[in-house]
Structure formats: structure tokens, C-alpha cells
Amino acid sequence: MDSLLYDLQALTIRRISVSEMDNNVYLLTAKATGEQVLVDAADDLPAIQQLLQDSSADASAEPRLALIATTHQHWDHVRALKELTAATGAPTAAGKDDADALPVTVDRPLEHGDTVAVEGVELTAVHLRGHTPGSIAFVYEDPEGPTHIFSGDSLFPGGVGNTQKDPERFNQLIADVSERLFDAYPDSAVVHPGHGKPTTLGAERPHLEEWRDRGW
Numbered sequence: 016m017d018s019l020l021y022d023l024q025a026l027t028i029r030r031i032s033v034s035e036m037d038n039n040v041y042l043l044t045a046k047a048t049g050e051q052v053l054v055d056a057a058d059d060l061p062a063i064q065q066l067l068q069d070s071s072a073d074a075s076a077e078p079r080l081a082l083i084a085t086t087h088q089h090w091d092h093v094r095a096l097k098e099l100t101a102a103t104g105a106p107t108a109a110g111k112d113d114a115d116a117l118p119v120t121v122d123r124p125l126e127h128g129d130t131v132a133v134e135g136v137e138l139t140a141v142h143l144r145g146h147t148p149g150s151i152a153f154v155y156e157d158p159e160g161p162t163h164i165f166s167g168d169s170l171f172p173g174g175v176g177n178t179q180k181d182p183e184r185f186n187q188l189i190a191d192v193s194e195r196l197f198d199a200y201p202d203s204a205v206v207h208p209g210h211g212k213p214t215t216l217g218a219e220r221p222h223l224e225e226w227r228d229r230g231w
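Reading the sequence shown from the start, the letters are residues 16 to 231 in my numbering.
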């Protein structure tokens, strides 16, 4: 199955699903420079290496993995992280409050509003507290088209991420998702979750009150 999701003016977005947990691994490749950001080295190093190979024709320069970004600390999103950093030497980025729980040293601990950039790709870190303390959504604002939000396990089609029936964590997550995603980005923004299929903010926006009322 072709891993290419979007062929944008400045970059490509590829995705594969790995593991029994249907984890999404995303790869952004800058067309002009070949610099790449991989979001969530979830599992299956050979599959990730094949994904990197699949991107070889996406840029005019030789592609190079320049950053591995992690959305959150949960084990199913980081199982190939140590192997991938060892194989590629790429630096890592993750939310500051999740960094100590990752199996590698995090080179760039992120706070809300930070930007992570390689040559040709700039992402904004949006801190979404509740699923884990340091969960980060990575946002690419395409100047020529829809915004792309890599939401980890904080936002899915049909609801926010699991907060283990903890009302305080749920209220924090729904507040952050509402204020930092739905109030900040347009309905056309594409949401790429940590598991399963994409959605848009516009498709999910009418259900926010329903999510609040049900508490999950």
C-alpha cells in the first residue's frame, strides 16, 4: 500500500500503520532540501526504514532524517525510538513533561508554542495536557492549503484521548483541545491521529459539547 498521504507544494506527508495497536508513523519530507521529520517511531524499525526508503523520490535533494518528534510517552508510540535514533543519529524532540519517560535522551524538550524546524519544515508544538502530562500535537501550517495537525492520542475522530475516567484530566484535555486547536485553527485543518484514520476540525467541531457532556 502506498504510504503517500499528501503531496503538498513544499513537502510530502507519508504514513504507515505499525504494530497490533494500529499506530500511525508519519514522515514529512521537504521537497527542496530533503530534510525530514518523523512523528512517532512507534514500532517495527524495518517498516520505518522502508518508509524512509519510500520517500527517496519525494525531494530534489537526497532525503535525510533530521528530527524524530514524539507526541507522547506511552510505550506503543516509542517502541522503535531507541533503535531508530541509533540507526540514524537523528536528534529527538518531545514534550518537556514527558521527556524523562522516553527511552532516549530528548535533545529538544518542548513547551507550548515552541517551534521545531529543519530546513524546509517548521512545526508548532501545541501542548495538550490530560492524556499524558507532556502530550504534544505538532502543527504544520501549509501556506498553500489546509493546516495539518499531528495530534498523537489527544484528538481522534469522535473524541479526545483516554483520560482513564479521571474528571480532572478529562477537563484539562477538553479545555486544551478546545482552546489550543479548535479555537486556533480553521475547520479545514486536517487532524492526523496517533491511531486510525484522519479527520478535520470542521467534522469534529459540532460534537465538542457532546464530548463535554459525556465526560470522555
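Cβ coordinates follow ideal geometry from the N, Cα and C atoms, glycine included.
All of these numbers come straight from a predicted model, not from anything done at the bench.
### Task
Thinking residue 185 and residue 220 are a contact (beta carbons under 8 Å), I'd like their distance in whole angstroms, please.
Incorrect: roughly 18 Å between the Cβ atoms, too far for contact.
### Whole-angstrom distance between residue 117 and residue 100, CA atom to CA atom
12 Å
### Query
For residue 39 versus residue 174, is the C-beta spacing smaller than 9 Å?
no
### Task
With DSSP as the reference, label residue 38 as helix, strand or coil.
strand
### Query
Just to confirm, are residue 153 and residue 52 a CB contact at a threshold of 9 Å?
yes
### Query
Taking all protein chains shown into account, do 16 or more other C-beta atoms lie within 10 angstroms of the C-beta of residue 229, making it buried, or fewer, making it exposed?
exposed
### Query
Buried or exposed: where does residue 65 fall if 16 or more other Cβ atoms within 10 Å of its Cβ makes it buried?
exposed
### Task
Would you identify the three-state DSSP class for residue 213, choosing helix, strand or coil?
coil
### Task
Answer yes or no: the CB of residue 86 versus the heavy atoms of the ligand ATP, is any distance below 8 Å?
Judged by which ligands are present, the structure shown has none, so any question about the ligand ATP falls away.
### Query
In this structure, what does DSSP give as the bridge partners for residue 140?
153
### Query
Below 8 Å, can you find three or more Cβ-Cβ pairs linking the stretch 111–126 to the stretch 21–29?
no
### Query
Do the stretch 203–217 and the stretch 186–195 make contact, defined as three or more Cβ pairs closer than 8 Å?
no
### Task
Please classify residue 94: does DSSP put it in a helix, a strand, or coil?
coil
### Query
Pairing CB atoms from the stretch 75–88 with CB atoms from the stretch 41–55, are three or more of them under 8 Å?
yes
### Query
Under a Cβ-count criterion, where at least 16 other Cβ atoms within 10 Å of its own Cβ denotes burial, should residue 163 be classed as buried or exposed?
buried
### Task
Along the beta strand (DSSP E) that carries residue 117, what are the first and last residues, could you check?
Looking at the DSSP string, residue 117 is not in any beta strand (DSSP E), and its letter there is neither H nor E.
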